[in-house]
Structure formats: structure tokens, C-alpha cells
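Participant:
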Amino acid sequence: MVNIKINNIACQAPEGSTILEAARMAGIKIPTLCYLKEINAIGACRICVVEVKGARSLVASCVHPISEGMEIFTNSPTVLESRKMTLQLLLSTHDRKCLSCVRSGKCELQTLCHELGVDDEIAYEGENPEFEIDTSSIHMYRDNNKCINCRRCVAACEKTQGIGVIGANERGFATFIGSPFDMGLAETACVSCGQCIAVCPTGALAENDNTAEVWEALSDPEKVVIVQTAPAVRASLGEAFGYDIGTNVEGKMVAALRRLGFDKVFDTNFGADLTIMEEANEFLERFQGGGTLPMITSCSPGWVRFCEAYFPNLIPNLSSCKSPQQMFGAVTKTYYAEKMGIDPENIVTVSVMPCTAKKFELCRDGQCAVPDIQDVDISITTRELARMIDKAGLMFKELPNEGYDNPLGNYTGAGAIFGATGGVMEAALRTAVEKLTGETLKKLDFEEVRGTKGIKTASYTIDGTTIKIAVASGLANARKLLEKVSSGEEKYHFIEIMACEGGCVNGGGQIIQPADVRNNIDLRAERAKVLYNIDSASKIRKSHENPDIIELYNNYLGKPGSHRAHEILHTCYCESHLYK
Amino acid sequence: MALKQSAIPFAGTAEQEELLMAVIEKHKGEAGGLMPVLHEAQEIYGYLPIEVQNKIASELNIPLEKVYGVVSFYSQFSINPKGKYKVSVCLGTACYVKGAGNLYEKLKQKLGVEDGGITDDGKFSLEACRCIGACGLAPVLTVNDEVYGRLTEKDLDTILAKYKD
Ligand code: SF4
Ligand code: SF4
Ligand code: SF4
Ligand code: FES
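Going down the list, the sequences are from chains A and B.
Each residue of the first sequence is one higher than the one before, counting from 2 in the numbering used here.
Each residue of the second sequence is one higher than the one before, counting from 22 in the numbering used here.
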């Protein structure tokens, strides 16, 4: 322990702590902008400066370590003046349109200006570069006019995701965040994960908002508008309405969707159960029939795109199963449409997803169970749903808890855990092992694949045969694992990959938490708890025991892997030659 | 988003690629190896087009943006080839106060190119340069080795017209 004094009060902190961390332990929050724990300690923005007795100038607390006897002042007039000036300089080139900004109210820059009393936004009026907004990609836009060059997005893309299609271009005053040769994101091998959006402190990065299309469908009396909600959405949506991180708001979310006017409120968890039926079957077919192994899951469209661009050698290993979002959509346009006697042309299937890549996935080739009709029509993120709820004036906290509609709203615990890293593997194992042995599993919890570790491996011996599995989340972790798989250094039978660290619960479409929260709370673990609690409280915890899934097979699909199942629930992939 | 690269097709030869590979091999794994690779690559090709940067990125196993970020940071690197006629406008202090900045902007418009760009037919490339020591003639520009001084906006068309073919 190191003895220091902060604002004249003696305290202690572990050796190696930065001033920022030590202050936090002493209950003092020093403002930050560029700092992100583990991935972006670059000391660039200088908003976190403090005075250290004896030091010649102010120091950046996010990178400066404490030392014995250090005396630190976090709020002296010099410090406050410096922070204020930093903000004023940032504002001098900033497109200050808070009124219409998607981040207003949750913007870290705006909050800081407010907290520090920056009342003169044009203290330094200077040359103002104007940037073209990059609207090239389907899932998001980049507006450098609102960028403060903190490089948090660059760190997320490069370090967390191991991709690096954005970075700092040019130098000095002209510096901006962009892609090589100023190409639009769509021309790069960006995988649409949205992690850059999730870490951006301002309104410079945002998902493309598709809520207008949803409102339009809802107001069209001709259309039957169906909504499906991904497992992870209920674990984050509450954060937008003042609930603690890690609160399950499923019941209120369903009530809200009904009040927004959706004709049917269904659950992607049903789609997840269906995915497990097909995926477990595909795995056993490959495993027993000498097919390509390891089989790798294909539910995460960011990962699928990553595979197509960065590991084309592994395309044959990707499961041919569509993702739960798409399987669900396919079922609405076929089975459900027939059952209810509705023309699939008149069904609008909307998905609420923790993910920005889902916007991209729904317009991929090979995602139309009914020719020329998209399986899913519109995909919105958890954030967009929160915006719709606000716009409709629904008082979320006051809403009753309601249940999903049937039959496509019925799910098992296995479907629920799809939203966390390891969940798909666990759900698949529950079904595959029972199918393989013909016996009922005594223990349904596969603890080895749970938890937020980036790469998890395990092997299970079932009736004398060993199945080796691996689970990775976050594409930088996936890359590490797959390099070993590609080189033959490590061998597995079954691999689960999710593009975002911790899985969908930490997806790029979830409610955004500011850096201060991200740096101090493990969002992945807190939100994942919601899903595991749903699972452990479920009466039915295996996909193949979902009665509505059984009915779907009995009345429509036949068996998993049947011809009809292949027609509507499976897809294919192809190598992409984009700039990496 | 407009791709920031000239329309001149890349015409690298097998010999050039061999030289580049040797350079990459030499600096692979070296900390800070990217800088010398870029320098030598520019020697080999005369400029650093996307094809060359892509090659370097994939051989060094780093994202293309990492390479481009460095290339765009240093003004000594060029992503466009030089034209048949290389127009350089001096933006040294003496020329600048006599309006070279304005001339430079006008030339960009006339040629339809950006800073360091090249016309689609490959004829003219345009760049700004530091003081060339002809301050008495300010503002000054050069076309290849030819120096033109005491320029006004009116002179630009006449000068460009001289290099019709
Ligand atoms: S990014 Fe923040 S400060 Fe800038 S306009 Fe949006 S809300 Fe306002
Ligand atoms: S969406 Fe993902 S891959 Fe694309 S730029 Fe953002 S972080 Fe990088
Ligand atoms: S886009 Fe956002 S995260 Fe990226 S540098 Fe700009 S402000 Fe920071
Ligand atoms: S320099 Fe410390 S937060 Fe930016």
C-alpha cells in the first residue's frame, strides 16, 4: 500500500494504481474523456488533470501512477480552470447541436460542460473543419463533426475486436478518425459489431435509426406487425429508465411493446430454441458422419462477417443454421402465416436486438424463406426501442408486467441463455448430449462454459467418446483461438463464437453506459446474471422440450435437418474481399 | 465517401514487388519496422498506393488503417504518383504573404485535385513545397524544373497551357 494525500486527506491505495484509480477508491470521481480501462490509457484529452505537489505542471491522472507521500489536488482553481479551457477548446471545433443530437442527455461531453459550468461555448472561435458524415454502412453512421478525437472507438475496434478499420488520419489540427484512404466504413472489413458506438462519449457515432419504418408499419392497418425481442434486450433496456444494471424488465418490456401497437409480441428466445434443435442436429450429423469439424456457431452476424473476411478458410466450419433472429423471422413468414391464414406479404416482422450487426444480417443473401420476402423486415436496437417508448409517452416504470403471446413467445431456459457467452454452447450441449445418449441429463449446468473469460475450453466424455469444445467472445479473443485452430495447434469439435465480449448482453446495440460506469462495473457479468436467473427459474430448460417447438416440428417441419427445415432455416456464406 | 486516391491505375512490376518483399522481410518483427519499410517502399514505387500499403499491412500482419494512419501523418509520404508535370507551389513565408495560398487554392480548382493529388489523365500533379530560395520572385511556383515568379492569378492559365501535351 502506498500512502498519499488527496485534497489534504490522507489515504492509501495499492502500488501501481494511477491517481485516477486511487482517487476513486477515496470516493472522488475525476472526470475523464479519453480513458477506457485496459484499452485506452493514452493521456490525450487532459480533462483528467490534477495538481501534484512539486510537479512542474498539471498531470494526467488516468496515466500517472501514485508514489509514496504524493500530495494530490483534484479540484484546485488551476485544475478547474484547465479542465474548463480543455472543454472550451473541444467545443470550438464541435458541431454544437445538442437539441437534435442522438446522444443529448447521455453525452459525456455535454455532461462535463454542464458539471464544470462551461457557459461560454464559443470562447475560442476558430477555423471549423467540416466533415462529410459517413453514411455508407447499413448499421451505423460516423459524424466526425461531433468527434473529440478521444480514440475510444479506435481502441474498441482494434484492441477489443482485433479489427482496426478505423484510426487517426492526418496530423495536428487536421487529425480526424477515419478509415484508410478515407473510404467509407462499408468499403472496409468493418463487421458491424457496433462496439465503437458503445464506447463513444459523444454523438459522433450512432446506429442508423430505423424506428421511422417501425412507426410507419404500426400505423398501417393492412399490416400485421410482429415483434421479437432478443434474450439480452430485457437485461439492459431497464438501464434507460432508471433501473439498476442487471435488472430483468421482460414483463414491462412486453407491456410496452403491446402499447406501442405491435399485433403480436413474440420472443427471439423461441427462435433460439429452434436454432438449438437445428444446430444440435447438425453437430451430431457432422460428428457422427465425418463432416467438417470443428463446427462453429453462426448466430452472431458480426462474427459471421469476421469469418468471411478474416478467416475464409473456416467458412466450411460455420454452422449452416440461420441465427435465431432469422429463424424466427422465417417461421413468421411461413408456418405462422399459414397457420393464421395471413399473406406473408402483409406481415412485418420487427426485431429488437442488442446488436447493430443484425441490421446488416437481415439484408444478407440467403435470408428469405419465402422468395423475395425478407425473413425479418426491420431490426432496431435496444436503444431505439427505449427511444420509441419515450416518444410514445409510456411511463415504463409504471407499466404492468405482461407475458408474451403464443405460440412464438414460449421459450425455455436454454433459449434465454443464448444472450451470454457460452450460452449457445450450453444450450446445444443440453440437447445434443441427450440425443446422443438417449438419456436424461442429470445436471443441466455446464459451468465450464459460463463466465466472462474471453476464451473458455472444456471436454466432455459421453458414452466413451470425448467432445472437445471452445467458447470465445470478443473478436480479438476469437482471432487468438482461431489462429490456433487454423494452424492445427488446437483441435476442437464444437466452437461457439460471439462477436462482442461477454456475448450479446454486451452487444453494440445495448443501452450505452458512460466510461465511468464501464470502467468500474462489469456490464457483461451483471447483465448475464439476468439470463442465468431466468434459466434457473425456468420449468423447462432444454430446447427440445419446448412444447411449441415440438408442435412446430410435428405439424410443419418434420424432423430437425429435414428438407423443409433446410429450405427455411439454413443459409450459406461466402468469402468477402474487403479492405482489412 | 470519396476514396482518397488517384484514378491512375497501379502499374507495379514483379521486380518492384520482389524488392518490396525483401524490404519487408528485413524489417519484419522489428519494433518500429513500419517506418523504414514505408520509406523504402516509396523509394521503390515513387509513391504509396493502396496496393502497396495493403501488401505491407498483410505482410506485417497489421490493419491497413495502421499503415495509412502513419502515411497520412508524415508529409514526406505520398499516396499519389507524380504527374508528367509536377506543379509545386511554394508556401514559404515570403510567397505566402504575397498570396501563394490563394494561388494554390485556385490551382486545385483548375486541376480538380486535392493537396498532393494528380489529374485523372496523369498529366499534372500538384503539391505545396517549402521555400525554394526564390523569395525575390515571390510568389513562385515550379513545373518540373521550370520556375515561374511574381505570379498573379491571371498567369496560371497561361502557364498550364504551355504543358498541353
Ligand atoms: S455530441 Fe454531445 S455535446 Fe455534441 S451536440 Fe451531441 S449532445 Fe451536444
Ligand atoms: S462496428 Fe465494429 S468493426 Fe466496425 S468500426 Fe465499429 S468497432 Fe470496428
Ligand atoms: S468517434 Fe467518438 S469514440 Fe471515436 S474518437 Fe470520436 S468521440 Fe472518440
Ligand atoms: S487524458 Fe486522462 S482521461 Fe483523457
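Heads up, the beta-carbon is just placed ideally off N, CA and C, and yes, glycines get one too.
Computed from a predicted structure; not experimentally measured.
How long is the line joining the alpha carbons of Glu280 (chain A) and Ala538 (chain A), rounded to whole angstroms?
Facilitator: Taking the first sequence and counting its residues from 1, one reaches residue 280 (chain A) at position 279. Taking the first sequence and counting its residues from 1, one reaches residue 538 (chain A) at position 537. Take the alpha-carbon of Glu280 (chain A) and the one of Ala538 (chain A): they are about 24 angstroms apart.
Participant: Would Asn145 (chain A) and Phe177 (chain A) qualify as a contact pair, given that the criterion is a beta-carbon distance under 8 angstroms?
Facilitator: The sequence position of residue 145 (chain A) within the first sequence is 144, counting from 1. The sequence position of residue 177 (chain A) within the first sequence is 176, counting from 1. Yes, Cβ-Cβ distance for Asn145 (chain A) and Phe177 (chain A) is below 8 angstroms.
Participant: Applying the 10 Å Cβ sphere with the 16-neighbour rule, what's the burial state of Phe397 (chain A)?
Facilitator: If you number the first sequence from 1, residue 397 (chain A) lands on position 396. Looking at its Cβ environment, which holds 16 or more other Cβ atoms inside 10 Å, Phe397 (chain A) is buried.
Participant: Closer than 8 angstroms, CB to CB, is Ile164 (chain A) near chain B or not?
Facilitator: Counted from its first residue, the first sequence places residue 164 (chain A) at position 163. Answer yes: the Cβ-Cβ gap between Ile164 (chain A) and chain B drops below 8 angstroms somewhere.
Participant: At a CB-CB cut-off below 7 angstroms, which residues of chain D make contact with Glu86 (chain B)?
Facilitator: Looking at the structure shown, chain D is missing, and the protein chains on hand are A and B.
Participant: Along the region 145–164 of chain A, where does the CB come closer than 8 angstroms to a CB of chain B? Name the residues.
Facilitator: Glu159 and Ile164
Participant: Let me know the secondary structure DSSP gives Asp268 (chain A) once reduced to three states.
Facilitator: Here residue 268 (chain A) refers to the residue found at position 267 when the first sequence is read from its first residue. Strand, per DSSP.
Participant: Return yes when the C-beta of Leu91 (chain A) is under 7 angstroms from any heavy atom of ligand 4, and no when it is not.
Facilitator: Position 90 of the first sequence holds residue 91 (chain A). Not under cutoff, so the answer is no.
Participant: Using 10 angstroms around the beta-carbon of Val118 (chain B), count the other beta-carbons present and answer buried if the total reaches 16, otherwise exposed.
Facilitator: Within the second sequence, residue 118 (chain B) is the residue found at index 97, counting from 1. By the Cβ neighbour-count rule, Val118 (chain B) is exposed, with fewer than 16 other Cβ atoms within 10 Å of its own.
Participant: Anything in chain A within Cβ reach of Lys76 (chain B), meaning under 8 angstroms, just list it in chain order.
Facilitator: Walking along the second sequence from the start, residue 76 (chain B) turns up at place 55. Residues of chain A passing the Cβ test: none, with the nearest at roughly 12 angstroms.
Participant: Can you tell which of B:Met56, B:Gly104, B:Tyr106 and B:Asn123 has the C-alpha that lies nearest to the C-alpha of Thr112 (chain B)?
Facilitator: The residue given as residue 112 (chain B) occupies position 91 in the second sequence. The question names Thr, but residue 112 (chain B) is Leu in the sequence shown. With distances taken between Cα atoms, Leu112 (chain B) lies closest to B:Asn123.
Participant: Sort A:Leu437, A:Met278, A:Thr467 and A:Ala429 by Cα distance to Val592 (chain A) and report the nearest one.
Facilitator: Residue 592 (chain A) lies beyond the range of chain A shown here (2 to 581); nothing can be said about it.
Participant: Using a Cβ cut-off of 8 angstroms, pull out every chain A residue sitting near Gln26 (chain B), in sequence order please.
Facilitator: Taking the first residue of the second sequence as position 1, residue 26 (chain B) is located at position 5. Phe182, listed in chain order.
Participant: Is the closest heavy atom of ligand 1 to the C-beta of Ser99 (chain A) under 7 angstroms?
Facilitator: Looking up residue 99 (chain A) in the first sequence gives position 98. For the sequence presented, residue 99 (chain A) should be read as Cys rather than Ser. Indeed, a heavy atom of ligand 1 lies less than 7 angstroms from the Cβ.
Participant: Just tell me which of B:Gly90, B:Leu158 and B:Lys185 has its CA closest to the CA of Leu55 (chain B).
Facilitator: Locating residue 55 (chain B) in the second sequence gives position 34, counting from the first residue. Measuring from the Cα of Leu55 (chain B), the nearest candidate turns out to be B:Gly90.
Participant: Hey, is Phe98 (chain B)'s beta-carbon within less than 8 angstroms of any beta-carbon in chain A?
Facilitator: Locating residue 98 (chain B) in the second sequence gives position 77, where the first residue counts as 1. No, because no Cβ of chain A sits closer than 8 angstroms to the Cβ of Phe98 (chain B).
Participant: What does the shell around ligand 4 hold, if a residue joins when its beta-carbon is under 6 angstroms from any heavy atom?
Facilitator: A:Thr33, A:Leu34, A:Cys35, A:Tyr36, A:Gly44, A:Ala45, A:Cys46, A:Arg47, A:Ile48, A:Cys49, A:Ala61 and A:Cys63
Participant: For my contact list, Pro317 (chain A) and Ala231 (chain A) are in at a C-beta cut-off of 8 angstroms; report their separation, rounded to the angstrom.
Facilitator: Position 316 of the first sequence, counting from 1, holds the residue named residue 317 (chain A). Position 230 of the first sequence, counting from 1, holds the residue named residue 231 (chain A). 27 angstroms between Cβ atoms; not a contact.
Participant: Can you find at least 3 beta carbon pairs, one from the region 524–544 of chain A and one from the region 428–445 of chain A, that sit closer than 8 angstroms?
Facilitator: yes
Participant: For Thr462 (chain A), verify whether its CB is less than 7 angstroms away from any heavy atom of ligand 3.
Facilitator: For this step, residue 462 (chain A) is matched to residue 461 along the first sequence. It does not: the Cβ of Thr462 (chain A) is nowhere closer than 7 angstroms to a heavy atom of ligand 3.
Participant: Is any heavy atom in ligand 3 found nearer than 7 angstroms to the beta carbon of Cys194 (chain A)?
Facilitator: Looking up residue 194 (chain A) in the first sequence gives position 193. No; taking the cut-off as 7 angstroms, the Cβ of Cys194 (chain A) has no heavy atom of ligand 3 nearer than that.
Participant: Answer yes or no: do Ile153 (chain B) and Ser146 (chain B) have a C-beta to C-beta separation smaller than 8 angstroms?
Facilitator: As a position in the second sequence, residue 153 (chain B) is number 132, starting the count at 1. As a position in the second sequence, residue 146 (chain B) is number 125, starting the count at 1. No, the pair does not count as a contact, with Cβ atoms beyond the cut-off.
Participant: How about Lys147 (chain A): is its Cβ closer than 7 angstroms to a heavy atom in ligand 1?
Facilitator: Walking along the first sequence from the start, residue 147 (chain A) turns up at place 146. Lys147 (chain A): yes, Cβ under 7 angstroms from ligand 1.
Participant: How would you label Tyr95 (chain B), buried or exposed, when you count the other beta carbons within 10 angstroms and need 16 or more for buried?
Facilitator: Walking along the second sequence from the start, residue 95 (chain B) turns up at place 74. Label assigned to Tyr95 (chain B): exposed.
Participant: Taking C-alpha atoms, which residue in A:Asn76, A:Ile149 and A:Leu110 lies nearest to Thr94 (chain A)?
Facilitator: To locate residue 94 (chain A), count along the first sequence from 1; it is residue 93. Answer by Cα proximity: A:Ile149.
Participant: Looking only at DSSP bridge pairs, what is Arg143 (chain A) linked to?
Facilitator: One-based indexing of the first sequence puts residue 143 (chain A) at position 142. Partner(s): A:Asp135 and A:Leu206.
Participant: Within the 8 angstroms Cβ cut-off, does Phe31 (chain B) reach chain A?
Facilitator: By one-based count along the second sequence, residue 31 (chain B) stands at place 10. The Cβ of Phe31 (chain B) sits no closer than 8 angstroms to any Cβ of chain A.
Participant: Quick check on DSSP: helix, strand or coil for Asn507 (chain A)?
Facilitator: Residue 507 (chain A) sits at position 506 when you count from the first residue of the first sequence. In the three-state scheme derived from DSSP, where H, G and I count as helix and E and B as strand, Asn507 (chain A) is classed as helix.
Participant: Using three-state DSSP, classify Cys49 (chain A) as helix, strand or coil.
Facilitator: Taking the first residue of the first sequence as position 1, residue 49 (chain A) is located at position 48. Coil, per DSSP.
Participant: Does DSSP put Val234 (chain A) in a helix, a strand or coil?
Facilitator: Sequence index remark: in the first sequence, residue 234 (chain A) carries index 233 (1-based). Looking at Val234 (chain A) - three-state DSSP - the assignment turns out to be helix.
Participant: For the beta strand (DSSP E) that Ile198 (chain A) lies in, which residues bound it at each end?
Facilitator: By one-based count along the first sequence, residue 198 (chain A) stands at place 197. Counting along the chain, Ile198 (chain A) falls outside any beta strand (DSSP E), though it belongs to the alpha helix (DSSP H) covering Gln196 to Val200.
Participant: Would a check of beta-carbon distances place Gly90 (chain B) closer than 8 angstroms to chain A?
Facilitator: Position 69 of the second sequence, counted from the start, is the residue given in the question as residue 90 (chain B). Yes, Gly90 (chain B) counts as interfacial toward chain A.
Participant: Starting from Thr179 (chain B), trace the alpha helix (DSSP H) both ways and give me its first and last residue.
Facilitator: Mapped onto the second sequence, residue 179 (chain B) falls at position 158. Unbroken alpha helix (DSSP H) run through Thr179 (chain B): Glu174 to Lys183.
Participant: Below 7 angstroms, is the gap between the Cβ of Pro325 (chain A) and the nearest heavy atom of ligand 3?
Facilitator: Counted from its first residue, the first sequence places residue 325 (chain A) at position 324. Every heavy atom of ligand 3 is 7 angstroms or more from the Cβ of Pro325 (chain A), so no.
Participant: Between the C-alpha atoms of Ala155 (chain B) and Phe312 (chain A), what's the straight-line distance to the nearest angstrom?
Facilitator: Your numbering for residue 155 (chain B) matches position 134 in the second sequence. Your numbering for residue 312 (chain A) matches position 311 in the first sequence. C-alpha separation (whole angstroms): 56 angstroms.
Participant: Taking buried to mean at least 16 other C-beta atoms within 10 Å of its own C-beta, is Gln130 (chain B) buried or exposed?
Facilitator: Within the second sequence, numbered from 1, the residue matching residue 130 (chain B) stands at position 109. Gln130 (chain B) should be labelled exposed.
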